[in-house]
Amino acid sequence: MIIRALGSGEEPPMELLLLADPSRDIVEGYLGRGQCYVAEEGGSVIGVYVLIPTRPETVELVNVAVEESRHGCGIGKRLVLHAVRTAREQGARTMEVGTGNSSVAQLALYQKCGFRITGVDRDFFTRHYPMEIMENGIPCRDMIRLAQDVHNGEG
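So for the sequence shown, the numbering used here puts the first residue at 1; every next one is plus one.
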């Protein structure tokens, strides 16, 4: 598997990106402000993430997604750790990420990769998404915010 930045003329893997965020408008906004990275194996894109600069020395990791048939194979962890290294190489000091309160596997993944919970944006998903989001039998309402200091090599 290789992970690389998406080239300027390449189409982003929208189907994968929409697995991580069901709003096409929000995903397109991320893509316009950030850099998209893809994981490829055998000529096929099997994973994706986007890094967005948000404040001086801070980037946000958004839209981490892995092809559904490849869940549980460690690809998500490799993508997150690649994002941490990339942010560090680009001079970031802090990386942030947000995920839904119902995203149990994602919360575990981010913490295993060195992120720590920094806060909760209550009712984020009910304010910003017109449709109800259900995951793991749990209504997705709140965004759990996590961060790590990438400058000191935590990730």
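Heads up, the beta-carbon is just placed ideally off N, CA and C, and yes, glycines get one too. In this text the structure is predicted, and so the values were computed from the model without any measurement.
Using 8 Å as the threshold, is the C-beta distance between Met95 and Val59 below it?
Residue 95 sits at position 95 when you count from the first residue of the sequence shown. Residue 59 sits at position 59 when you count from the first residue of the sequence shown. Result yes, Cβ atoms of Met95 and Val59 sit closer than 8 Å.
Measuring CB to CB, does Val64 end up less than 8 Å from Gly76?
Position 64 of the sequence shown, counted from the first residue, corresponds to residue 64. Position 76 of the sequence shown, counted from the first residue, corresponds to residue 76. Yes; because the gap between Cβ atoms is below 8 Å, this pair is in contact.
Nearest candidate by alpha-carbon position, reference Ile46, set Arg116, Val66, Arg33, Leu61
Locating residue 46 in the sequence shown gives position 46, counting from the first residue. When only C-alpha atoms are compared, the closest one is Val66.
Any chance the segment 22–31 sits against the segment 89–103, with 3 or more Cβ pairs inside 8 Å?
no
From this set, Ser44, Tyr37, Gly42, which residue's C-alpha is nearest Leu185's C-alpha?
Nothing can be reported for residue 185, as the shown portion of the chain is limited to 1 through 155.
Let me check you understand the geometry: is the CB of Val84 closer than 7 Å to at least one non-hydrogen atom of the ligand GDP?
The ligand GDP is not part of the structure shown, which contains no ligands of any sort.
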